[in-house]
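Trainee:
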Amino acid sequence: MSITSDGDLDNVATGTERAVLRVLSDGRRRTVAEVCAELATARSSVVHALNRLRAAGVVVEGPTQRTTRGRPARAWSLAASPGLLAVVVAAAHGFLAGVVRPDGEILAAVHGTADCTAPGTALELLDRALTRAAVTSRDIALAVLGLPGPSMFARTPGPPSFAASHLRRFREWDGRPAADVLGEHLARPVFCENDANLAALGEAVYGDAAGAATMLHVSLTHGTGAGVVIGGRLHRGGSRLAGEIGHLHVDDGGQLCECGARGCFWQTTSIPALLSELAVAHGRTFTVRDLDAAAASGELEIVRALRGFGRSLGRRVADFVVFLDPEAIVVDPSLGAASDVIAAGIREAVHQYTPPMMAASVRISSGSLGTTAHLKGAAALVRTENLLDVAGSGPTGVPGGPGVRRPVRVPPTADAR
Ligand SMILES: [Zn+2]
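So the sequence shown is numbered by the numbering used here: it starts at 819 and just counts up by one.
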């Protein structure tokens, strides 16, 4: 048997071996007990898989670790370092670039608010992040590019396809696919994902919702949307737009939406719409920072407006709760204290409009990761989709990019312990 290259892994390795490699793909050392716990798999199966992978030179046993009972336990890890991840997020509010370990540890993060459609800005920010992390592109295994609009994720790296739309300015840099520009800059494979999906996965794996198999992440700052995680993985849907709650219908006679429909929810229930309403009501302009400050100081009128906004949003979120019975709902924390008030409004509506058993079991909170959610989400994406292996630098690959992997033989040994 061989665990081989070019996507054949799924055909030749056992299911347990694939699962063990996926667990270890973040580069962190784990005991057999820890691997068993993460996989919910019998110890004998995990030990058998580890022994075969060790015989193939894919995994190694590290120094012993002391357990809580004082009994030594061997720790297992990949034989080769999985490499680092470069992350670039391009969105309406600007760029975010970072360097992240596959286990989610952030080595550097740089924000930029300049023109988010200019490739020079993104690449310059990324180079600054590399410098800050004291690494070069040679230390990078692959890149994750977060972009607004329908998810363009594909397990095979390459230029993603997309239709002409108002989002093209984010997805093309100087008239070329952003993924191509980034890939050439790093000489590494690039995987694309919706930016809100990255934040959702980050919160689902590393944030307040960690451990929740099914969760909804509500994004607020730039339109009203959501990321959906089911079974620990992103649910993208057939048209790659799952979770776009901002486009739920509310008004047959409403305005024409950029999505092509009329009277979409976000047109009247979104943070930009709320800021406009507050400006009219109070005769002055309001910013997102004003909402945060007003909520933090308990400014009654603003808190009431935020709470009402949360209840309106929660009325629609309640339908999602009934459909999918999630364990957690996480609200975009970028509004600071205002996010907490909105989360409270959503909680009220969910409790009012869902069966009591469902309402009692779902945790609703504002996120705990802040702007790091996208970066950690990129690490979670790499792990949940096994991208290091696809990119050729993972446990069954040879570093150097796609298409350069060679087979790794796994002899039929089985000294299970
Ligand atoms: Zn719409």
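For each residue, glycine too, the CB sits at the ideal point set by N, CA and C.
Nothing here was measured: the structure is a model prediction, and the numbers come from that model.
#1: Check whether the region 1121–1135 and the region 1016–1031 are in contact - that is, three or more C-beta pairs closer than 8 Å.
#2: Jot down the residue ranges of each uninterrupted beta strand (DSSP E) in the region 1170–1205, minimum 3 residues, whole runs only, in chain order.
#3: What are the boundary residues of the beta strand (DSSP E) that includes residue 906?
#4: CA-CA distance, residue 1149 and residue 1124?
#5: Quick one: grab the DSSP three-state call for residue 1151.
#6: Can you name, in chain order, every residue of its own chain whose Cβ lies under 7 Å from the Cβ of residue 1168, other than the five neighbours on each side?
#7: Please classify residue 1126: does DSSP put it in a helix, a strand, or coil?
#8: Who are the Cβ neighbours of residue 982 in its own chain at under 7 Å, not counting the five residues just before and after it?
#9: Exposed or buried, residue 1122, counting other C-beta atoms within 10 Å across all chains shown (16 or more means buried)?
#10: With a CB to CB cut of under 6 Å and the five nearest residues on each side skipped, what residues in its chain are close to residue 931?
#11: Residue 928 and residue 1194 - do their beta-carbons sit closer together than 9 Å?
#12: Taking Cβ positions, are residue 891 and residue 851 nearer each other than 9 Å?
#13: Return helix, strand or coil for residue 913, following the three-state DSSP convention.
#14: Closer than 6 Å from C-beta to any heavy atom of ligand 1: which residues, in chain order?
#15: Assuming residue 1007 contacts residue 975 under a Cβ cut-off of 8 Å, what Cβ separation, rounded to an integer in Å, is found between them?
#16: Taking 6 Å as the limit between beta carbons, can you name the residues of its chain near residue 1184, skipping five residues before and five after?
#17: If contact is defined by three or more beta carbon pairs under 8 Å, each pair taking one atom from either stretch, is the region 1044–1059 in contact with the region 1096–1112?
#18: So what's residue 852 in DSSP terms, helix, strand or just coil?
#19: Since I believe residue 922 is in contact with residue 1197 (beta carbons under 8 Å), could you give me their beta-carbon distance rounded to a whole number of angstroms?
#20: Under DSSP, the beta strand (DSSP E) around residue 1011 begins and ends at which residues?
#21: Please state whether the Cβ-Cβ distance between residue 944 and residue 904 is less than 9 Å.
#22: Give the straight-line distance between the Cα atoms of residue 1119 and residue 1109, rounded to the nearest whole angstrom.
#23: Ignore the nearest five residues each way along the sequence and tell me which others in residue 1254's own chain have a CB closer than 7 Å to its CB.
#24: According to DSSP, is residue 879 part of a helix, a strand, or is it coil?
Mentor: Judging by the given coordinates:
#1: no
#2: 1181–1184
#3: Counted from its first residue, the sequence shown places residue 906 at position 88. That run of the beta strand (DSSP E) goes 902–909.
#4: Within the sequence shown, the letter at position 331 stands for residue 1149. Within the sequence shown, the letter at position 306 stands for residue 1124. Residue 1149 and residue 1124: Cα-Cα distance of roughly 13 Å.
#5: As a first step, residue 1151 must be located in the sequence shown, where it is residue number 333. Residue 1151 falls in the helix class under three-state DSSP.
#6: To locate residue 1168, count along the sequence shown from 1; it is residue 350. Counting only Cβ-Cβ distances below 7 Å, and skipping sequence neighbours, we find 1132, 1135, 1136, 1139, 1177, 1180, 1182.
#7: By 1-based counting over the sequence shown, the position of residue 1126 is 308. Of the three classes helix, strand and coil, the one that applies to residue 1126 here is helix, per DSSP.
#8: Counting from one through the sequence shown, the residue named residue 982 turns up at place 164. Confidence is the limiting factor: at residue 982 the pLDDT is only 47, short of 50, which leaves the residue's position unreliable, though a coordinate-based value still follows. Within the same chain, residue 982 has no close Cβ partners at all.
#9: Residue numbering aside, residue 1122 sits at position 304 when the sequence shown is read from its first letter. In summary, residue 1122 is exposed, with fewer than 16 beta-carbon neighbours lying within 10 Å of its beta-carbon over all protein chains present.
#10: Locating residue 931 in the sequence shown gives position 113, where the first residue counts as 1. Closer than 6 Å at the Cβ level, and outside the excluded window around residue 931, lie 912.
#11: Counting from one through the sequence shown, the residue named residue 1194 turns up at place 376. Counting from one through the sequence shown, the residue named residue 928 turns up at place 110. Result no, Cβ atoms of residue 1194 and residue 928 do not sit closer than 9 Å.
#12: For the purposes of this step, residue 891 is identified with residue 73 of the sequence shown, where counting begins at 1. For the purposes of this step, residue 851 is identified with residue 33 of the sequence shown, where counting begins at 1. Yes.
#13: For the purposes of this step, residue 913 is taken as the residue at position 95 of the sequence shown. Of the three classes helix, strand and coil, the one that applies to residue 913 here is strand, per DSSP.
#14: 1065, 1075, 1077, 1079, 1082
#15: Here residue 1007 is taken as the residue at index 189 of the sequence shown, counted from 1. Here residue 975 is taken as the residue at index 157 of the sequence shown, counted from 1. Right, their Cβ atoms sit about 4 Å apart.
#16: For this step, residue 1184 is matched to residue 366 along the sequence shown. The residues are 1149, 1151, 1157, 1158, 1161.
#17: no
#18: Along the sequence shown, one-based indexing puts residue 852 at 34. Correct three-state label for residue 852: helix.
#19: Translated into positions along the sequence shown, residue 1197 becomes position 379. Translated into positions along the sequence shown, residue 922 becomes position 104. Rounded, the Cβ-Cβ distance is 4 Å, consistent with contact.
#20: Locating residue 1011 in the sequence shown gives position 193, counting from the first residue. In the DSSP annotation of this structure, the continuous segment of the beta strand (DSSP E) that includes residue 1011 starts and ends at 1008–1012.
#21: Position 126 of the sequence shown, counted from the first residue, corresponds to residue 944. Position 86 of the sequence shown, counted from the first residue, corresponds to residue 904. It is a contact, given that the beta carbons lie within the stated cut-off.
#22: Translated into the one-based positions of the sequence shown, residue 1119 becomes position 301. Translated into the one-based positions of the sequence shown, residue 1109 becomes position 291. Answer to the nearest angstrom: the Cα atoms are 11 Å apart.
#23: As shown, the chain starts at 819 and ends at 1235. That puts residue 1254 outside it, with no answer to give.
#24: Residue numbering aside, residue 879 sits at position 61 when the sequence shown is read from its first letter. Strand at residue 879.
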